[in-house]
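Engineer: Just dropping this structure here.
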Amino acid sequence: MAVQKSVIKAREALRTQLWDDNPIFRQVLGICSTLAVTNRLLNTALMCAGLIWATTMSSLTVSLLRGYTPQRVRIMVNVLIIAVYVIVVDIVFRAYFYEVHKDIAAYVGLIITNCIVLGRLEAFAGKNPPWASFCDGLGAGLGYSAILLAIAAVREYLGFGTLFGAAIGVWPREWIIMVTPPGAFFVLAIAVWAARSHTLRREAATAPEEKK
Amino acid sequence: MRPNLKSPPYVIAYAGLMAALFTAAIMTLHVATEPVVRRNKELFKQRAYVELFALGDPKTMTPAQVAEVVRKRIVERTEPLVDPQTGEQIQLVEAYGQDGKLVGYAIPIWGVGFWARIDGLLAVSPDLTRTMGVVFLSHSETPGLGGRITEDDFRRQFRQGKDITPSRAGGPFLTISPEKIAAGDPRYARHVDAITGATGTSTALDKFLNERLRRFRRAATAAGMIAPGPAPGAGDPLDRRQ
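Read top to bottom, the protein sequences are chains F and B. Under this note's numbering, read the first sequence as residues 1 to 212, first letter to last. Under this note's numbering, read the second sequence as residues 213 to 454, first letter to last.
Shown next as structure tokens:
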């Protein structure tokens with residue numbers, strides 16, 4: 001019974017983070033990195049991989065330690081845990097993907113300050129069992145990544161005429177604003193608007209049924 | 213037994229233990245990967261030399277082939293040049309062709325970019341009048357914007373033999389600007405197209421590259437590599453007072 005409850009909670013946490021409480025278009029968190037890295041799909045994909053690892057592993061670790069961590073030092077311990085997992089990403093990239101590391105090193109370090117990671121630790125992992133926390137962190141990372149990759153695809157295509165660096169011939173010219181941070185504001189705002197409109201429409205459609 | 217989470221000694225001990233534990237884990241990983249990272253850095257620099265002087269295709273060469281080419285054809289000059297004005301030492305690197313003839317020199321270039329220091333190498337022809345290429349060894353510029361200085365589209369311009377003889381009106385050696393200048397324009401010889409959307413990086417690069425070239429020119433003249441006096445440059449195409 002307890003196992004079944006835990007599985008349900010984990011599944012619910014994953015689903016909520018992926019869509020209903022998506023970090024980008026519902027919670028509007030992690031916007032700095034959304035603006036900064038989304039002009040290239042490759043950079044975005046690598047940044048997202050780093051963030052998924054950091055949210056998942058730090059959520060799991062914080063949850064495992066939750067019975068032993070004093071409230072007074074929990075933020076310090078949480079930041080320490082996040083920093084450790086981010087430094088692991090940095091070291092692994094430097095050792096095994098050196099050339100990629102040279103391009104995105106500046107942003108890997110910034111995962112430590114990404115509010116999504118600390119937000120999930122505070123809101124969920126510190127109060128919930130490990131498996132559910134792991135899924136919550138995974139959901140937050142995947143939800144963030146899905147939106148970021150979509151934004152990056154639009155920006156790279158319109159800005160450079162390429163996807164993952166490969167030229168796609170249909171777009172005739174480079175649209176400079178898409179390469180620069182203001183371009184991310186426009187695409188992000190459109191993404192948030194589209195996702196929220198869809199959610200509102202769905203809620204409006206299901207509301208009368210619930211009343212019955 | 214559950215610990216008393218409010219007890220001050222427990223709080224201090226727990227915080228200290230966590231910090232020590234995680235720091236030890238990171239240090240272990242760092243030490244374990246150190247040799248790989250060092251090899252990566254070395255190989256990156258060796259590939260940069262091969263690419264800079266077109267000594268082969270570093271993308272298709274194995275690390276052993278790259279190391280062999282560098283060992284045989286890249287030589288660090290024994291005596292560094294000294295800029296008489298600032299006293300700065302400039303360590304030149306010489307590249308030789310298969311026939312043993314000097315192909316060119318690599319000058320270290322560095323300066324503050326938009327975010328932090330940029331380090332690289334500029335290859336110049338044996339008569340010190342033309343660029344042969346450029347590589348950037350380290351930078352912290354914005355990926356996708358200033359970070360594009362490492363992309364071939366930007367660096368290719370330096371392989372086109374830009375004029376680095378002193379401008380007669382004391383203008384810059386090179387100009388990195390967003391202005392579109394066609395190949396037929398007299399200013400083309402010293403012009404490098406800036407990176408779209410990365411004005412900060414382009415401006416910083418323009419500034420420190422010219423400063424490095426100025427210092428190198430003075431040091432090379434002091435070392436007798438260049439005869440003093442006006443250079444055989446192509447006039448002063450960048451002097452806008454003309």
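Just so you know, even glycine gets a beta-carbon here, dropped at the ideal spot from N, CA and C.
1) Short of 7 Å in beta carbon distance, which residues of its chain neighbour residue 46 of chain F, apart from the five on each side in sequence? Order them along the chain.
2) Going by the CB atoms, is the gap between residue 144 of chain F and residue 69 of chain F shorter than 9 Å?
3) I need the straight-line Cα distance from residue 325 of chain B to residue 156 of chain F, nearest angstrom please.
4) Since residue 38 of chain F and residue 148 of chain F are thought to touch, with beta carbons under 8 Å apart, how far apart are those beta carbons, to the nearest angstrom?
5) What residues in its chain sit with their C-beta under 8 Å from that of residue 302 of chain B, if we drop five residues either side in the sequence?
6) Per DSSP, what kind of secondary structure is residue 196 of chain F in: helix, strand or coil?
7) So with Cβ pairs under 9 Å, would you call residue 414 of chain B a contact of chain F?
8) Could you name the residues of chain B that residue 173 of chain F contacts, counting a contact when the two beta carbons are closer than 9 Å?
9) If you reduce the DSSP assignment to three classes, tell me which class residue 387 of chain B lands in.
10) Answer with buried or exposed for residue 53 of chain F, where buried requires no fewer than 16 other C-beta atoms within 10 angstroms of its C-beta.
11) Can you check whether the C-beta of residue 154 of chain F is within less than 9 Å of a C-beta belonging to chain B?
12) In this structure, does DSSP put residue 307 of chain B in helix, strand or coil?
13) Please compile the residues from chain B whose C-beta is within a distance smaller than 7 Å of the C-beta of residue 37 of chain F.
14) For residue 81 of chain F and residue 23 of chain F, I'd like the C-alpha separation in whole angstroms.
15) Report yes or no: is there a C-beta of chain D within less than 9 Å of the C-beta of residue 150 of chain F?
16) Using only the alpha-carbon positions, how far apart do residue 231 of chain B and residue 161 of chain F sit?
17) Could you check which residue in B:353, B:341, B:262 and B:235 has the C-alpha nearest to that of residue 375 of chain B?
18) I need the boundaries of the beta strand (DSSP E) containing residue 20 of chain F, first residue and last residue.
19) Any beta carbon from chain F within less than 9 Å of residue 403 of chain B's own beta carbon?
20) Helix, strand or coil for residue 448 of chain B? Go by DSSP, reduced to three states.
21) Let's see if you can read the secondary structure: which residues bound the alpha helix (DSSP H) around residue 415 of chain B?
22) Mind listing the chain B neighbours of residue 43 of chain F? Cutoff is C-beta to C-beta under 8 Å, in chain order.
23) Mind pulling the chain B residues with CB within less than 8 Å of residue 68 of chain F?
24) Less than 9 Å between CB atoms is the rule here; does residue 245 of chain B satisfy it with respect to chain F?
25) At which residues does the beta strand (DSSP E) containing residue 322 of chain B begin and terminate?
26) Between which residues of its own chain and residue 362 of chain B is the CB-CB distance below 6 Å, once the five residues before and five after are set aside?
27) Below 8 Å on the Cβ atoms is my contact criterion, and I expect residue 262 of chain F with residue 175 of chain F to pass it. Report the Cβ-Cβ distance as a whole number of Å.
Structural biologist: Looking at the atomic coordinates:
1) 100 and 104
2) no
3) 24 Å
4) 6 Å
5) 292, 293, 294, 295, 319, 320, 427, 428 and 431
6) helix
7) no
8) Result: empty, since nearest Cβ-Cβ is about 11 Å, beyond 9 Å.
9) strand
10) buried
11) no
12) strand
13) 355
14) 20 Å
15) As a matter of chain content, chain D is missing from the structure shown, whose protein chains are F and B.
16) 47 Å
17) B:341
18) Neither: residue 20 of chain F is in no beta strand (DSSP E) and is coded neither H nor E.
19) no
20) Residue confidence for residue 448 of chain B is low, a pLDDT of 45 falling below 50, so the modelled location carries little weight; the figure read from the coordinates is stated next. Here residue 448 of chain B sits in coil by DSSP.
21) 411 to 434
22) 355 and 356
23) 215, 217 and 226
24) yes
25) 314 to 324
26) 348
27) Here chain F comprises residues numbered 1 to 212, so residue 262 of chain F is not present and cannot be evaluated.
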